[in-house]
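Participant: Residue numbering for the sequence shown is -23 to -1, 1 to 442, as defined by mature numbering (1 follows the signal peptide of the UniProt record, and there is no 0). In this text, a Cβ means the ideal position worked out from N, Cα and C, and glycines have one as well. If you're wondering where the values come from, they're calculated on a predicted model, not measured in any experiment.
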Amino acid sequence: MCGAQCVAFAAVLIVCWCNVVSAHGNKSPVTIIVQALNPSGLRIAVTDTPGIDVVVINANINAPIVESDAGKITGSVVESQNGLWMLETKDVALKEGDVVFYSVYVACGQQGDRMKGQQPILNLVEPSCRPSPTTVNGRTVCGGELVLEENFDTLNKSLWKHTIQFSDEPDRDFCTYTDSEENSFVKNGVLHLKATILGANDLLKPTKLRSCTWKRPDSKYCDRHPQGWDILPPTRSAQLTTRGTFSFRFGRIDIRAKTAAGDWLMSKLVLDPKASAYGSIPFESGRMEMLRSRGNPDVLEPSGWQLGARLNDPQADIRACDRNLWLYKNCPLNYGKLYSEEMRVFSLVWTPESITMTIDGECEHIIRPPAGGFLKHDRLRDECYDSLLERGTHMAPFDKEFYIYIGLLVAGFNNYLNEVISKGNPKPWNDRDPRAWLKFWQQRHLWEPTWISDMEVDYVKVWAL
């Protein structure tokens, strides 16, 4: 028996995971779905995974299952259909407030795993509602359902929240994030994010940000008193997120967007964790970056590798045992093409088994955890023995809800090597120099003329699996 992790949501579905051992000795995640049907009926389903031979399901309504009692509802499922091992009965009528207690045994050859849990019934679903492992704001949805469609006819402030603060970890970029219409606005059905430059009179002005979104309003991320070379961040920009308004776990997200054009700009489309389930240090609870592309048309590393606007690096980020694991793929466009020139569809399909990112359906980047989870990855396993990820599932940290983040960054301490060259010019700051912000601003004559277009987002759509 394994210690299954079960999270009850304000809906009629519960999702649990247990590391089922297949005939090949590899661990795979299993998701349990419980649905109360309208006008009567109960559906309990287990997502398919290689190696499962049979699934035995026992359930009671409003009464726990004890060892000597198989439950009022029992059944063995000997084959999967459409990726589900499913038991359904019409003989039970459920109402709001009822609780389904269940015990599920998954047999894989000579081995097996039992999971127990309970699910309060908050509402009923139609029998046509296909079970889905997707959750939205903690609630369950029907398979294939379009759960978010944002076409930016206006800026929906009940959905999108501005980040208002001076920059912080993990990006450590050179800007202040504002809710000013100068930095973010909707025009002709397209969201624009635009970076602007501080004037000389503003660099040393003591500033306390109105409506700062950082958790402590007295921190340096909300209140700064610059002096000498320690100036304010030399630019302003925008980040919009759905934190607190929309988050999901498992599903497909498509974002049609175009990156900003300009030296030392970086456009990002990101999924960030709703909660710090595995730690609050950046990346401990994961991050998925669908778009991470620089605005320089030409920026070279010493090796000759091109890092400019023809390159996107979709990646998943994990931190465990004081080490970062960046699972990325280089997706360069053909020579002469730039991500800042035209809209492209950045897609991410996130399942209980894998994460797949594509750009216009191409440059497929598939991320799967090794047997035993990401802690067993080659770059972690030799040193990583004690981590909160051990409490998670096979996909941890990517087994919790994440929210959407759209951002335009400027420069930063982690985005360019000190030795890079852009149009024959060295990087206008050094990451180790405490005067980096000032040095960057002083050389604005080199990069300000290159800021010729905004980051643009046409739509955001999310579907349940």
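Looking at the strands, I want to know which residues DSSP matches up with Phe78.
Facilitator: Paired residue(s): Asn37 and Gln95.
Participant: Taking three-plus beta-carbon pairs below 8 Å as touching, is the region 392 to 400 in contact with the region 194 to 211?
Facilitator: No contact exists between the region 392 to 400 and the region 194 to 211.
Participant: Contact defined as beta carbons within less than 8 Å: I believe Thr218 pairs with Tyr382. What is the distance between those atoms, to the nearest angstrom?
Facilitator: Confirmed, about 5 Å.
Participant: Could you check the C-alpha separation between Arg300 and Gln96 for me, to the nearest Å?
Facilitator: Computed Cα separation, rounded: 37 Å.
Participant: In whole angstroms, give me the CA-to-CA distance for Arg321 and Asn289.
Facilitator: Approximately 12 Å between the Cα atoms of the pair.
Participant: Taking the alpha-carbon of Tyr316 as reference, which of Gln292, Tyr305 and Leu284 has the nearest alpha-carbon?
Facilitator: The shortest Cα separation from Tyr316 among Gln292, Tyr305 and Leu284 belongs to Leu284.
Participant: When you compare only the Cα positions, how much space is there between Val31 and Trp62?
Facilitator: If I take the Cα positions, the gap works out to 8 Å.
Participant: Per DSSP, Pro250 forms a beta bridge with which residues?
Facilitator: Looking at the DSSP assignment, Pro250 forms a beta bridge with Phe379.
Participant: Only counting the same chain, and skipping five residues up and downstream in sequence, which positions put a Cβ closer than 6 Å to that of Cys106?
Facilitator: Only Cys119 meet the Cβ criterion.
Participant: Measure the C-alpha to C-alpha separation of Cys199 and Phe143 and round it to an integer number of angstroms.
Facilitator: Going from the Cα of Cys199 to the Cα of Phe143 covers about 6 Å.
Participant: Quick check on Ile429: buried or exposed, where buried means 16 or more other Cβ atoms within 10 Å of its Cβ?
Facilitator: Ile429 should be labelled exposed.
Participant: Would you report the Cα separation of Gly86 and Glu122, rounded to the nearest angstrom?
Facilitator: About 35 Å.
Participant: Taking DSSP as the reference, what is the three-state secondary structure of Asn289?
Facilitator: In this structure, Asn289 counts as strand in the three-state DSSP scheme.
Participant: Going by DSSP, name the residue or residues bridged to Trp303.
Facilitator: In DSSP, Trp303 forms a bridge with Asp294.
Participant: Go ahead and pull the three-state DSSP assignment for Trp428.
Facilitator: Note: Trp428 maps to coil in three-state DSSP.
Participant: Just confirm the distance between the C-beta atoms of Ser270 and Ser262, as a whole number of angstroms; I'd bet it's less than 8 Å.
Facilitator: At roughly 24 Å, the Cβ-Cβ gap does not stay under 8 Å, so Ser270 and Ser262 are not in contact.
Participant: Using only the alpha-carbon positions, how far apart do His139 and Gln216 sit?
Facilitator: Roughly 6 Å between the two C-alpha positions.
Participant: Among the candidates Phe151, Thr131 and Pro183, whose CA atom is the shortest distance from the CA of Ser158?
Facilitator: Per the sequence shown, residue 158 should be read as Glu rather than Ser. That would be Thr131, whose Cα lies nearest to the Cα of Glu158.
Participant: Are the beta-carbon atoms belonging to Thr190 and Ile141 less than 8 Å from one another?
Facilitator: The answer is yes: Cβ separation under 8 Å.
Participant: Confirm, please, whether the CB-CB distance from Val326 to Arg229 is below 8 Å.
Facilitator: Yes, the pair counts as a contact, with Cβ atoms nearer than the cut-off.
Participant: Can you tell me whether Lys235 is buried or exposed? The criterion is at least 16 other CB atoms within 10 Å of its CB, across all chains shown.
Facilitator: Label assigned to Lys235: buried.
Participant: So, under 8 Å CB-CB, Lys306 and His342 are touching, yes? Tell me the CB distance rounded to an integer number of Å.
Facilitator: Contact holds; Cβ gap of about 4 Å.
Participant: Let me know the secondary structure DSSP gives Ala234 once reduced to three states.
Facilitator: Strand at Ala234.
Participant: Does DSSP put Asn3 in a helix, in a strand, or in coil?
Facilitator: Note that Asn3 scores a pLDDT of 40, beneath 50, so its modelled location is shaky and nothing firm can be said.
Participant: Can you find a C-beta in chain B that's less than 8 Å from the C-beta of Gln12?
Facilitator: Judged by its chain identifiers, the structure shown contains no chain B, having just a single protein chain.
Participant: If contacts are defined as beta-carbon pairs under 8 Å, then Asp68 and Asn39 qualify, I think. What distance do you get, rounded to the angstrom?
Facilitator: So it is not a contact: roughly 16 Å between Cβ atoms.
Participant: Can you check DSSP and say which residues form a bridge with Met372?
Facilitator: Its beta-bridge partners do not exist; DSSP assigns none.
Participant: Taking Cβ to Cβ, would you say Arg296 is nearer than 8 Å to Phe260?
Facilitator: Yes; because the gap between Cβ atoms is below 8 Å, this pair is in contact.
Participant: May I ask which residues mark the beginning and end of the alpha helix (DSSP H) holding Gln419?
Facilitator: Start and end: Ala413 to Gln419.
Participant: Could you compute how far the alpha carbon of Leu442 sits from the alpha carbon of Ser196?
Facilitator: If I take the Cα positions, the gap works out to 41 Å.
Participant: Inspect the beta-carbon positions of Val77 and Ala36 and report whether they are closer than 8 Å.
Facilitator: Taking 8 Å as the Cβ cut-off, Val77 and Ala36 qualify as a contacting pair.
Participant: How is Asp179 classed by DSSP in three states: helix, strand or coil?
Facilitator: Three-state result, Asp179: helix.
Participant: Run through the DSSP bridge pairs and tell me what Trp327 is partnered with.
Facilitator: Trp327 pairs with Gly228 and Ile332.
Participant: Going by C-alpha to C-alpha distance, which of Lys164, Trp424, Ile21 and Leu268 sits closest to Asp337?
Facilitator: Selected option, being the one with the closest Cα: Leu268.
Participant: Taking one C-beta from the region 394 to 411 and one from the region 364 to 376 each time, how about it: are there three or more such pairs within less than 8 Å?
Facilitator: With the cut-off at 8 Å, the region 394 to 411 and the region 364 to 376 do not touch.
Participant: Measure the alpha-carbon distance for Thr111 versus Pro347 and round it to whole angstroms.
Facilitator: Distance between the alpha carbons of Thr111 and Pro347 is about 22 Å.
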